[in-house]
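As numbered in this note's numbering, residues 243 to 528 make up the sequence shown, in order.
Glycine included, each C-beta is placed from N, C-alpha and C at the ideal position.
Worksheet for the structure shown next.
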Amino acid sequence: MKKLILPIFAIITVISFNSCEKVDTPQENAVIEAGARRIIIEEFTGHYCSNCPQGAAEIERLVNVYGDQIIPISLHAGDQTFNEPHIDPVTGAPIHIIGTDTLYSTDFRTTDGNTYASTFDPFGLPSGIVSRQNGATATAVSQWESEILAIKDIPQIADIEITIVYDSLTRIVTADIETNWLTNAVSGNNYKLQVYLIEDHVIDWQLDGTTDVPNYEHNHVFRGAVNTTWGESITATTQGTSTTETYSYTLNSEWNEDNCEVVAFIYKESPSYEVMQANIQHVTDH
243 MKKLILPIFA IITVISFNSC EKVDTPQENA VIEAGARRII IEEFTGHYCS
293 NCPQGAAEIE RLVNVYGDQI IPISLHAGDQ TFNEPHIDPV TGAPIHIIGT
343 DTLYSTDFRT TDGNTYASTF DPFGLPSGIV SRQNGATATA VSQWESEILA
393 IKDIPQIADI EITIVYDSLT RIVTADIETN WLTNAVSGNN YKLQVYLIED
443 HVIDWQLDGT TDVPNYEHNH VFRGAVNTTW GESITATTQG TSTTETYSYT
493 LNSEWNEDNC EVVAFIYKES PSYEVMQANI QHVTDH
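Shown next as structure tokens:
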């Protein structure tokens with residue numbers, strides 16, 4: 243079944259550049275060992291959170307240790323004190339200025355991210371949810387690795403393959419998400435397919451301790467849910483079945499397509515939310 247999803251909040255100004263070349267070759271994800279579990283870490287963070295660089299550093303350490311098995315997602319959501327842009331709510335003018343620099347004026351928040359924060363209610367920033375274990379309970383930075391170790395070798399119920407075609411003229415990302423079931427789904431569990439868009443190498447302000455860092459590199463920045471906030475139900479969940487869903491998403495003109503990635507994962511419906519398998523793929527060729 244093919245589906246075309248164009249989220250209204252994602253279709254912002256689309257700009258065509260005559261100098262751009264259209265990318266026609268699909269980008270296919272590198273295939274990891276069949277059945278190997280890929281683990282997502284949904285990190286709740288904020289650009290005005292003085293301790294949040296510690297969470298980012300731990301994310302990068304875990305990626306260095308466990309490699310492609312870890313898929314980080316950084317949600318600028320939760321405590322609004324640490325996430326609100328420093329602009330006048332009436333005039334829109336920056337209110338935190340040093341010399342000619344306007345600090346913390348970028349709004350990294352998203353409607354979907356705020357919904358996840360409201361639903362999962364992280365206790366503070368930084369905090370993270372590792373594959374939404376234990377009812378999607380957010381935990382402290384120091385607990386992330388132990389939660390990874392608890393699940394990383396569990397055989398998985400399905401694999402996910404992502405194939406992407408990016409049109410640089412329209413800035414439309416088209417993603418084919420194929421799910422291959424390796425075993426029969428557990429009776430009584432309902433599963434959903436969720437697709438996100440994230441962006442790496444976003445250079446902007448970040449409070450680090452007491453220091454205002456002007457050129458901080460924000461990675462894994464959550465930009466939005468491609469197939470609605472909570473994804474879509476998966477109906478074919480018996481061993482040996484394979485289904486492919488196709489989604490299209492228009493990139494914001496301010497995002498760098500070379501730094502964007504599509505994340506897809508299968509999770510149990512509420513109240514569990516546990517993520518069973520995931521995968522990630524660059525929007526453009528790397």
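* alanine 520 to isoleucine 281 span [Cα, whole Å] -> 7 angstroms
* So proline 502 is in the beta strand (DSSP E); what residue range does that whole segment cover? -> It should be pointed out that residue 502 corresponds to cysteine in this sequence rather than to proline. Start and end: 502 to 510.
* Asked: Relative to the C-alpha of threonine 452, which residue among Thr353, Phe286, Glu284, Cys294 is closest?
  -> Cys294
* Taking only the alpha-carbon atoms, compute the straight-line gap between aspartate 401 and isoleucine 414 and give it to the nearest angstrom. => Each residue's alpha carbon lies about 25 angstroms from the other.
* Asked: isoleucine 329 and isoleucine 337 look like a contact to me (Cβ under 8 angstroms); what is the Cβ gap, rounded to whole Å?
  -> 6 angstroms
* Asked: Less than 8 angstroms separating the beta-carbons of isoleucine 476 and threonine 421?
  -> In this structure, threonine 421 lies closer than 8 angstroms to isoleucine 476 by Cβ.
* With DSSP collapsed to three states, give me the class of alanine 278. => Coil.
* **Under 8 angstroms between C-beta atoms of isoleucine 440 and histidine 460** => no
* Could you work out which residue in His289, Glu285, Gln481, Ala380 is closest to aspartate 454 when comparing CA atoms only? => His289
* Please list, in chain order, all residues of the same chain as valine 444 whose beta carbon is under 6 angstroms from its beta carbon, the five residues on each side excluded. => His460, Val463
* Does the pairing of the stretch 377 to 388 with the stretch 298 to 318 give three or more beta-carbon distances under 8 angstroms? -> The stretch 377 to 388, when compared against the stretch 298 to 318, does touch it at the 8 angstroms Cβ threshold.
* To do: Give the DSSP-derived three-state secondary structure of proline 336 in the structure shown.
  => strand
* To do: Look at the alpha carbon of valine 383 and the alpha carbon of leucine 391, and state the distance between them as a whole number of angstroms.
  => When rounded, the separation of the alpha-carbon atoms in valine 383 and leucine 391 is 14 angstroms.
* If we count Cβ pairs, one from each stretch, closer than 8 angstroms, do we get three or more for the stretch 352 to 366 versus the stretch 319 to 328? -> Taking 8 angstroms as the limit for Cβ pairs, the verdict is that the stretch 319 to 328 does touch the stretch 352 to 366.
* Asked: If we ignore side chains and look at the alpha-carbon of each, how far apart do isoleucine 508 and lysine 434 end up?
  -> 6 angstroms
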